[in-house]
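Residue numbers (the working numbering): 144 to 332.
Okay, structure first, notes after.
Shown next, in the form of structure tokens:
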């Protein structure tokens with residue numbers, strides 16, 4: 144099976160590489176445009192659109208798209224574009240529980256299927272100095288939630304509850320394996 148990841152994320156590629164899954168990574172020709180849809184629908188729509196935007200260039204391939212949307216009090220958070228935006232987002236999240244919604248989509252044989260994985264992220268009541276130091280350390284610019292759990296961002300949380308830790312990093316392998324199994328494909332073969 145030819146597997147194509149519709150993503151430029153080094154973290155998504157690293158998840159596949161750590162599991163020894165052969166793949167190609169290609170930038171999707173999709174522009175994220177946040178609208179007033181519920182956060183779940185945004186994550187799903189973006190994952191599907193990423194996969195579908197690449198599929199035409201790779202006929203016969205299995206194309207994977209993924210997206211994450213942090214949600215606080217029913218509202219989606221966008222990826223911070225600067226240090227001040229990252230710090231502001233972390234101040235809004237500190238001491239609270241938010242949901243991290245990770246969607247994965249698989250496009251093959253002219254159809255796209257998806258799964259949504261939800262984690263409840265319990266952030267510590269961080270002080271301003273801790274937030275400033277964390278952002279300087281990990282530089283989570285452009286990261287969902289303004290944190291990198293695969294790096295020092297794990298220290299921001301008292302707990303992370305959900306079914307698949309790879310989803311927190313950006314690509315839920317268990318959900319991906321399920322989507323492929325429904326098509327008679329396996330990531331282990």
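All C-beta atoms in this analysis are idealised placements derived from N, C-alpha and C, irrespective of residue type, glycine included.
Boundaries for residue 284: no beta strand (DSSP E) harbours it, and the DSSP string shows neither H nor E there.
The three-state reading of DSSP puts residue 155 in helix, counting H, G and I together.
Closest in C-alpha terms to residue 158, from the list 312, 260, 278, comes 312. Spatial neighbours of residue 274 in its own chain (CB-CB distance under 8 angstroms, excluding positions within 5 residues in sequence) are listed in chain order as 230, 233, 234, 237. The region 209-225 and the region 283-296 touch, with three or more beta-carbon pairs separated by less than 8 angstroms. Where residue 187 is concerned, the enclosing alpha helix (DSSP H) starts and stops at 182-198. Checking the DSSP bridge columns, you'll see residue 208 partnered with 248. Residue 194 and residue 206 do touch by the CB rule: their CB atoms are close to 5 angstroms apart, below 8 angstroms. A buried status is given to residue 214, since no fewer than 16 other beta-carbon atoms sit within 10 Å of its beta-carbon. Residue pairing from DSSP places residue 300 in a beta bridge opposite 266. Pairwise C-beta distances place the region 242-252 in contact with the region 312-332, as three or more of them are shorter than 8 angstroms.
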